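In this text, residue positions in the sequence shown follow my numbering: the first is 24, and each later residue adds one.
The beta-carbon is built from N, C-alpha and C at its ideal position, and this holds for glycine as well.
Keep in mind it's a predicted model, so treat the numbers as computed, not measured.
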Amino acid sequence: LMGNYDVHTPTPVMWWSLKKVLLALMLQYDIDPFKKQAYFTPINEDPRLVASTHTSLVGHSDTKNTACPGVHVEERLPQLRTEMNEFLTTLR
């Protein structure tokens, strides 16, 4: 999604497109939207990495210091995970 989603809300067409892309990737790479994974993030410019654990479907702000994807997307990620899981369950 391209835009400032602290200010704007993604359109229904944007959400539908995002879901189609996510579903295709999750099917192709056998991704479980609820599976916990380790994410490694550099500490500023320091080459050391800090690990955090999150689900497979996260916003950038879950793994590093950024406002992305914005509050209007971040608040919908739990529902997006649930919907993706329902789609995957139906297709498998």
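Inter-residue Cα distance where the pair is residue i and residue j
i	j	result
Tyr-52	Asp-29	30 Å
Leu-50	Val-81	17 Å
Pro-56	His-83	15 Å
Cys-91	Thr-112	29 Å
Thr-2	Leu-114	The structure shown does not extend to residue 2, since the chain is modelled only from 24 through 115, so no value can be given for it.
Asp-85	Phe-110	24 Å
Residue i, DSSP secondary structure in three states
i	result
Ser-75	strand
Phe-110	helix
Lys-59	strand
Thr-86	coil
Rounded distance between the beta-carbons of residue j and residue i, thought under 8 Å
i	j	result
Thr-76	Lys-59	5 Å
Tyr-62	Ala-74	7 Å
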